[in-house]
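Asks:
Chains as they are written, first to last, in our numbering: chain U, 8 to 446; chain H, 39 to 353.
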């Protein structure tokens, strides 16, 4: 009798467990770049695994190979990724080539409102055609290109005095791009604690997107526009405007006069290395790295501070960041959508920010305690108000490669003038849009 | 004994299989053996080649599989031949090819000639010299990136020390003038041992009695070198040039690791340019045309060269 009761109880427990967990537990693979926030996402996703019963696997690709690897995967209809946190510029290709699942019906069904996310991030990471209510991703990771500097060096009396003597003003966070150049040039080749240091580490990388992301950090504050009329692809006079020429000449001067020797092909990793090894006074990089930089035991803490990309003619920062999409070739779309539903919850978004991810959810960003929650939080908010992104067209890769070539040719290889480089860029882009049938 | 072996093999053949192949001719059996290899060769080499030729006449893009593909005739070829970027990449390739082969042959032959002299530690030196070619190009690329680093690189330090210049005043990988030479130096460092080994094989194949006969004829060492050594090693040298020429024409990994084709497009060799067109810009039709042009160039040059090599061998 006792055995019978035990068997009955066991059967009951088993059936209860079967009801409590989903009908089928899937093994989901999420693809993203290999960087600090990815580790935070692994940690965060443990909660999803516990609550859903699905198992999460991750495919993180180093940034220089991220686009190559993942776009190859998508173009071949590969099933490696069920979920993808793809770069913002891929949204056009993802939508038009049928790689991403359109999420409108799902959002409606699950009451996920895009109004709950920062407007700039929804525009940049989720919509295609741009600005229309056609959503192919949920804003996952807000990001922009910002700056960090050696606060301890900026506070030293001898350095402050020398700077005042040289420039006639106090040393502090630059308020304009030209001030940034002046500070960088001041530090270039200076001896600090018996070591030669340099002005700033900036992006000059040729192979993927580095120099474009760096140079747009100068172009946008000078008022650079991709088109005279949005959506018309009329680039002549916009891309190669006098302001754009001035901005490009500025970036070249910054590179030539205020960066460490040998930084001819530098991107995120090199910028971090230059700063952490005490070589530079300032460095540009994505906000995504700032939590890790602040936590660095040698150059972090009270030795570091952050500032938003300085304005010149106007405010402007280069947009980074990504949305999370469900891959159309996945056999586990239901489970992948479950993940997005879970990720969109305000409490999960709050934990995401707490772990080092940059939430784009308004409940996190508008929280009264947000600005004081990290030394770079206020700068992040400011940057996200004035972000501008590269083309997000399906032909994004071709457009990017053309710009990489023209910018590297002019800035690093000293080929031609800034005006010639931008004229050639207009010609390249015109040819690409003609091939696309948009001109 | 052999009869017994034949009987044993026949006996070991399963009865069903034996019945099936009993009526087959020798030629049919030979086809059964070579058939899979021929099929594999057709599937892996010939079919892709034909397919690439076909694609080169289209505007196909591998990232737009839903787009209508149009045949564009020879326009891809026309565009390539009028594209200054293609010509620049061919110039960069020619510079790389010529100077790497020149230095590798010069240094490789000299090293082989020295190693061929009998001296103590000969084998140890041979092992040390061939070490670079045993490394992976990715490792060599990374390794030399550090050596060329203006602030901490050993290469810059040595040049600075010898010339009295500041080591960080020049950038091997970042300068338009120096970058093409920096990749030549690394490839020469890595592959000279290969040329040396081939030359060494050539030198060791020369019988001693030829030199002894020359000594009897009172021929000077210089005369022996130019009338015996060089002509007899020449086929080996030409073979080394052929191998290195083909390899360096399609050089990719080492240069990508070192310069990524930069600064600007200074070291963008033909293979790097092709990769960018094919897998970054996704111009599949256009890049197929570039691939065909490169294939025809290498195939044509190699064929002429092999004919010349055969003539030298016949002498």
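The beta carbon of each residue, even a glycine, is placed where N, CA and C say it ideally should be.
May I have a chain-ordered list of the beta strand (DSSP E) segments no shorter than 3 residues that lie completely inside the region 262 to 309 of chain U?
Replies: Fully enclosed beta strand (DSSP E) runs of 3 or longer: 287 to 293.
Asks: Per DSSP, what kind of secondary structure is residue 71/H in: helix, strand or coil?
Replies: Here the question's residue 71/H lines up with position 33 in the second chain. Here residue 71/H sits in helix by DSSP.
Asks: Helix, strand or coil for residue 212/U per DSSP?
Replies: For this step, residue 212/U is matched to residue 205 along the first chain. In the structure shown, residue 212/U sits in coil (DSSP, three-state: anything other than H, G, I, E or B).
Asks: From residue 418/U to residue 289/U, what does the alpha carbon distance come to, in whole angstroms?
Replies: Position 411 of the first chain, counted from the start, is the residue given in the question as residue 418/U. Position 282 of the first chain, counted from the start, is the residue given in the question as residue 289/U. Residue 418/U and residue 289/U: Cα-Cα distance of roughly 20 Å.
Asks: What separation, rounded to the nearest whole angstrom, lies between the Cα atoms of residue 124/H and residue 131/U?
Replies: Position 86 of the second chain, counted from the start, is the residue given in the question as residue 124/H. Position 124 of the first chain, counted from the start, is the residue given in the question as residue 131/U. Whole-angstrom Cα-Cα distance: 35 Å.
Asks: Between residue 319/H and chain U, is there a C-beta pair that is closer than 8 Å?
Replies: The residue you call residue 319/H lines up with position 281 of the second chain. Yes, its Cβ sits closer than 8 Å to a Cβ of chain U.
Asks: Given a threshold of 16 other Cβ atoms within 10 Å of its Cβ, counted over all protein chains shown, does residue 348/U qualify as buried or as exposed?
Replies: On the first chain, residue 348/U is found 341 positions in, with the first residue counted as 1. Buried, since its Cβ has 16 or more Cβ neighbours within 10 Å.
Asks: For residue 64/H, which residues in the same chain have their Cβ closer than 8 Å to its Cβ, ignoring the five residues on either side in sequence?
Replies: Mapped onto the second chain, residue 64/H falls at position 26. Excluding sequence neighbours, residue 64/H sits near nothing in its chain.
Asks: Run the CB neighbour count on residue 396/U, radius 10 Å, all protein chains shown included, and call it buried at 16 or more, exposed below.
Replies: The residue you call residue 396/U lines up with position 389 of the first chain. The residue is buried, with at least 16 neighbouring Cβ atoms inside 10 Å.
Asks: DSSP on residue 255/H, reduced to helix/strand/coil?
Replies: Translated into positions along the second chain, residue 255/H becomes position 217. Residue 255/H: coil per DSSP, three-state reduction.
Asks: Spell out a yes or no on whether the region 221 to 239 of chain H and the region 292 to 306 of chain U are touching, meaning 3 or more CB-CB pairs, one atom from each, closer than 8 Å.
Replies: Short answer: they don't touch.
Asks: Specify, as a first and last residue, the run of the alpha helix (DSSP H) that residue 237/H falls within.
Replies: As a working mapping, residue 237/H is identified with position 199 in the second chain. 217 to 242 is the span of the alpha helix (DSSP H), which, as asked, contains residue 237/H.
Asks: What residue range does the beta strand (DSSP E) around residue 282/H cover?
Replies: As a first step, residue 282/H must be located in the second chain, where it is residue number 244. Unbroken run through residue 282/H is the alpha helix (DSSP H), 268 to 287; no beta strand (DSSP E).
Asks: Is residue 267/U close to chain H? Criterion is C-beta to C-beta, closer than 8 Å.
Replies: Translated into positions along the first chain, residue 267/U becomes position 260. At least one chain H Cβ lies under 8 Å of residue 267/U.
Asks: Along chain U, in chain order, which residues have C-beta atoms closer than 7 Å to that of residue 214/H?
Replies: Here residue 214/H corresponds to residue number 176 of the second chain, with the count starting at 1. Those within 7 Å of residue 214/H in chain U are 420 and 421.
Asks: Helix, strand or coil: which one does DSSP assign to residue 29/U?
Replies: As a working mapping, residue 29/U is identified with position 22 in the first chain. Since pLDDT at residue 29/U reaches only 48, below the 50 mark, its modelled position is unreliable, and the value read off the structure follows with that caveat. Of the three classes helix, strand and coil, the one that applies to residue 29/U here is coil, per DSSP.
Asks: In chain U, which residues lie less than 9 Å from residue 250/H when you measure between Cβ atoms?
Replies: Position 212 of the second chain, counted from the start, is the residue given in the question as residue 250/H. Going along chain U, no residue has its Cβ under 9 Å from residue 250/H, so there is no contact; the nearest lies around 56 Å.
Asks: Which same chain residues end up closer than 6 Å to residue 367/U when comparing Cβ atoms and leaving out the 5 residues on each side of it in sequence?
Replies: The sequence position of residue 367/U within the first chain is 360, counting from 1. Hits under 6 Å: 124, 125, 128, 146 and 149.
Asks: DSSP three-state call for residue 130/U: helix, strand or coil?
Replies: Stepping through the first chain from its first residue, residue 130/U is reached at position 123. It is helical.
Asks: Mapping the DSSP letters down to three states, classify residue 319/U as helix, strand or coil.
Replies: As a first step, residue 319/U must be located in the first chain, where it is residue number 312. In the structure shown, residue 319/U sits in coil (DSSP, three-state: anything other than H, G, I, E or B).
Asks: Whether or not the region 61 to 74 of chain U and the region 34 to 48 of chain U are in contact is what I'm after, with contact meaning three or more pairs of Cβ atoms, one per stretch, closer than 8 Å; do they touch?
Replies: Counting Cβ pairs under 8 Å, three or more are found: they touch.
Asks: Closest Cβ-Cβ distance between residue 223/U and chain H: below 8 Å?
Replies: Here the question's residue 223/U lines up with position 216 in the first chain. No, no contact with chain H.
Asks: Less than 8 Å between CB atoms is the rule here; does residue 209/H satisfy it with respect to chain U?
Replies: Along the second chain, one-based indexing puts residue 209/H at 171. Yes, residue 209/H lies at the interface with chain U (some Cβ there is under 8 Å from its Cβ).
Asks: Would you say residue 78/U reaches chain H, if we count a Cβ-Cβ gap shorter than 8 Å as a contact?
Replies: Numbered from its first residue, the first chain carries residue 78/U at position 71. Output row for residue 78/U: interface = yes.
Asks: Thinking just about the alpha-carbon of each residue, which of 156/U, 122/U, 69/U and 318/U is nearest to the one in residue 140/U?
Replies: As a working mapping, residue 140/U is identified with position 133 in the first chain. For the residues 156/U, 122/U, 69/U and 318/U, the minimum Cα distance to residue 140/U belongs to 122/U.
Asks: Starting from residue 75/U, follow the alpha helix (DSSP H) in both directions and report where the run begins and ends.
Replies: Within the first chain, residue 75/U is the residue found at index 68, counting from 1. 70 to 82 is the extent of the alpha helix (DSSP H) around residue 75/U.
Asks: Mind listing the chain U neighbours of residue 187/H? Cutoff is C-beta to C-beta under 8 Å, in chain order.
Replies: By one-based count along the second chain, residue 187/H stands at place 149. Per Cβ cutoff of 8 Å: 269.
Asks: If the cut is a Cβ gap below 8 Å, which residues of chain H does residue 75/U touch?
Replies: Here residue 75/U refers to the residue found at position 68 when the first chain is read from its first residue. Going along chain H in sequence order, the residues near residue 75/U (Cβ under 8 Å) are 317 and 318.
Asks: Taking 7 Å as the cut-off, is the beta-carbon of residue 113/U closer than that to any non-hydrogen atom of the ligand PLP?
Replies: This structure does not include the ligand PLP; it has no bound ligands of any sort.
Asks: With DSSP collapsed to three states, give me the class of residue 321/H.
Replies: As a first step, residue 321/H is located in the second chain; it is residue number 283 there, counting from the start. Coil.
Asks: Report the residue from 82/U, 285/U, 135/U and 364/U whose alpha carbon sits nearest the alpha carbon of residue 159/U.
Replies: Counting from 1 along the first chain, the entry for residue 159/U is found at position 152. Nearest C-alpha to residue 159/U: 285/U.
Asks: Can you tell me whether residue 268/U is buried or exposed, with buried defined as 16 or more other CB within 10 angstroms of its CB?
Replies: Taking the first residue of the first chain as position 1, residue 268/U is located at position 261. With 16 or more Cβ atoms within 10 Å of its Cβ, residue 268/U is classed as buried.
Asks: Would you decide whether residue 379/U is buried or exposed? Buried here means 16 or more other CB atoms lie within 10 Å of its CB.
Replies: The count along the first chain starts at 1 and reaches residue 379/U at position 372. By the 10 Å Cβ count, residue 379/U comes out exposed.
Asks: Can you list, in chain order, the residues of the region 428 to 444 of chain U whose Cβ is nearer than 7 Å to any Cβ on chain H?
Replies: Cβ contacts with chain H: none found.
Asks: Could you list the residues in the region 296 to 307 of chain H with a C-beta less than 8 Å from some C-beta on chain U, going in chain order?
Replies: So the list reads 297, 298, 299, 300, 301, 302, 303 and 304, given in the order they occur along the chain.
Asks: From the beta carbon of residue 199/U, is the nearest beta carbon of chain H less than 8 Å away?
Replies: One-based indexing of the first chain puts residue 199/U at position 192. Output row for residue 199/U: interface = no.
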